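Residue numbers (my numbering): 56 to 143. Remarks on the structure that follows.
Spelled out as structure tokens, the structure:
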């Protein structure tokens, strides 16, 4: 377990006790990350407090990269970018 703070833009959103799992094959990440317990953000820094999505994430690592999978639940959403590696 790694206690940590996660920086998002110029404001701080906090998550604590983050566990990292090692993934040996890039293709394993999607299936393996579904087995991990998602980490919840304890504090959010959205500008509109009336529209706060429920955000969590799973983190794993490969010897060459850090892998992060986000889970977002909200009442409404707008998808602007649709392809892998588009900005988020």
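From the three backbone atoms N, C-alpha and C, an ideal C-beta is built for every residue, glycine too. In this text the structure is predicted, and so the values were computed from the model without any measurement.
### Message
On the DSSP letters alone, give me the boundaries of the beta strand (DSSP E) that residue 126 sits inside.
### Response
Indexing the chain shown from 1 puts residue 126 at position 71. Residue 126 -> beta strand (DSSP E) spans 120-128.
### Task
Out of 105, 108, 113, state which residue places its alpha-carbon closest to the alpha-carbon of residue 85.
Here residue 85 corresponds to residue number 30 of the chain shown, with the count starting at 1. Nearest option by C-alpha distance: 113.
#### Entry: Cβ pair residue 109, residue 129 closer than 9 Å
By 1-based counting over the chain shown, the position of residue 109 is 54. By 1-based counting over the chain shown, the position of residue 129 is 74. Yes, they are a contact pair.
### Rounded separation between residue 142 and residue 136 - CA only
Locating residue 142 in the chain shown gives position 87, counting from the first residue. Locating residue 136 in the chain shown gives position 81, counting from the first residue. Cα-Cα distance, rounded: 7 Å.
### Message
Tell me which residues share the same chain as residue 140 and place their Cβ nearer than 8 Å to its Cβ, disregarding the 5 neighbours each side in the sequence.
### Response
The residue labelled residue 140 in the question sits at position 85 within the chain shown. Closer than 8 Å at the Cβ level, and outside the excluded window around residue 140, lies no residue.
### Task
Quick one: give me the first and last residue of the beta strand (DSSP E) that residue 110 is part of.
By 1-based counting over the chain shown, the position of residue 110 is 55. 109-117 is the span of the beta strand (DSSP E), which, as asked, contains residue 110.
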